[in-house]
Amino acid sequence: MLWRLAVVVGVLAFSTVAGYVWRHRAGLFRSTVAPVSDAGTTPAEPSSPVEGKPAASATGARTLSAQMLGSTLGSRATLLQFSSAFCAPCRATRVVLADVARVVPGVEHIEIDAESHLGLVRELRVLSTPTVFVLDAGGAVVSRATGLPKRQLVLAALAAAMPATGADPAYVGP
Amino acid sequence: MSTPTESVRTESSPAPAQSRPSIEQLDPRGLRFGAAVTTVVLAVALVTGNVVVLALQAIVFAAGVLLGPRFSPYGLFYARVIRPRIGLPAETEDARPPRFAQAVGLAFALIAVVSELAGLDALAVVAIALALVAAFLNVAFEFCLGCQVYLLGRRIIGRFAPAASAH
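Protein sequences, first through last, are from chains V and P.
Residues 1 to 174 in the working numbering are what the first sequence spells out, letter by letter.
Residues 1 to 167 in the working numbering are what the second sequence spells out, letter by letter.
Encoded structure:
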């Protein structure tokens, strides 16, 4: 019986750690491309170009087109959300992203049902929903987040996706 | 319009005025309560190795799958005893992921029961431990196993039966 008690304690301790790690990582945006140097471009994620699939640019980023997504891209950036039926946080994510797209000029929010786009899901390695991709003006994937993202994190990720030109800094609003 | 206790029942029945069928919504606090009781029951089952406790929890899981979490024993207790005292929830959850989670729990509980009866203690402990992790993560972190696994499952099905996945 003692070893069983040890198992329970161990399992709960492990679960507690795992839970905190999971909660911390949820909603964090991770960059999917290496920083682009002034001289040229740096290959990041290795991706093999496949006919009909998202193109791999010189930076190694996957590029998605409006045709692929069935919706127009934002002129400055796009927030691409993968949702599914079994997804309580997806509704909350939609609210956050739609609001950000509304207040930040040039940003579009596209929501895609993962189940009916399994090709894209595999190509982009979407494992769970919600998964949010930040695309730049050209449709290249700049960063991604799993789980419900906080508004501030979305704004920061957008700032990173939009080039900071001299006269127009990547000001994304309040 | 409806009293708090009445809304417990009317939540799942479609409003006559709406023509669009609504997805059943559940009180998240009731789900957390069910997960908490499940965590305790599974921990007791693991520590004591008692097959009866395991079997009872398996029956609870089965009720959650067949009748929905709302009508499982824990759900009914929550609705009748706890909820009238704490009022309406601020938000609701889709009923389908928890129902799927109940099915996963049932599978592990059945494996554990069979293992216990066959004298395979270690296997039973592993099966209970996995179910315990899922239940505990749900109550402590609102981690939804069904939500995480559902898409992976759909991707696998899509790979083996592309026609079935297209709709």
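Glycine included, C-beta positions come from ideal geometry on N, C-alpha and C.
Separation of residue 158/P and residue 40/P (C-alpha to C-alpha, rounded to the nearest whole angstrom) is 37 Å. Beyond the five residues adjoining it in sequence on each side, residue 100/V comes within less than 6 Å, by CB distance, of 154 in the same chain, given in chain order. From the listed residues 46/P, 38/P, 85/P, the smallest Cα separation to residue 123/P is found for 46/P.
Contact of residue 29/V with chain P is not assigned, every C-beta pair being separated by 8 Å or more.
Counting C-beta pairs closer than 8 Å gives fewer than three between the stretch 124-131 of chain P and the stretch 85-94 of chain P, which falls short of the contact rule. Residue 11/V reaches chain P at 129, 132, 133, counting residues in chain order whose Cβ is nearer than 7 Å. Looking at the DSSP output, residue 94/P shares a beta bridge with 25/P. Taking 8 Å as the cut-off, the Cβ atoms of residue 158/V and residue 96/V do not count as close.
Its chain contains 54, 57, 58, 61, 131 as the residues whose beta carbon lies nearer than 7 Å to that of residue 109/P, once the 5 sequence neighbours on both sides are disregarded; these appear in chain order. Straight-line spacing of the CA atoms in residue 23/P and residue 85/V works out to 10 Å. Looking from the CA of residue 49/P, the closest CA among 1/V, 133/V, 108/V belongs to 1/V. Annotation: the continuous beta strand (DSSP E) that includes residue 80/V extends over 77-83. When 7 Å is used as the limit between beta carbons, residue 148/P is near these residues of chain V: 128, in chain order. Here residue 141/V carries a strand assignment [DSSP, helix/strand/coil].
If you draw a straight line from the Cα of residue 135/V to the Cα of residue 92/V, it comes to about 20 Å.
Using a CB distance cut-off of 8 Å, residue 98/V does not count as an interface residue toward chain P. Excluding five sequence positions before and after residue 111/P, the CB atoms of its chain that fall closer than 6 Å to its own CB belong to 127, given in chain order. Taking one beta carbon from each stretch, the stretch 144-157 of chain P and the stretch 105-113 of chain V have fewer than 3 pairs nearer than 8 Å; the two do not touch. Beta-bridge partners assigned by DSSP to residue 113/V: 83/V. A distance below 8 Å between beta-carbons, with the five flanking residues on each side excluded, links residue 127/V to the following residues of its chain, in chain order: 146. DSSP, read as helix, strand or coil, puts residue 127/V in coil.
Under the three-state reduction of DSSP, residue 115/P is assigned to helix. For residue 156/V, no Cβ of chain P is located within less than 8 Å of the residue's own Cβ.
Looking at the backbone, the Cα of residue 121/V and that of residue 69/V are separated by about 12 Å. For residue 86/V, the nearest beta carbon of chain P is closer than 8 Å to its own beta carbon.
In the structure shown, residue 72/V falls within a coil segment according to DSSP collapsed to helix, strand and coil.
Taken through DSSP and simplified to helix, strand or coil, residue 134/V comes out as strand.
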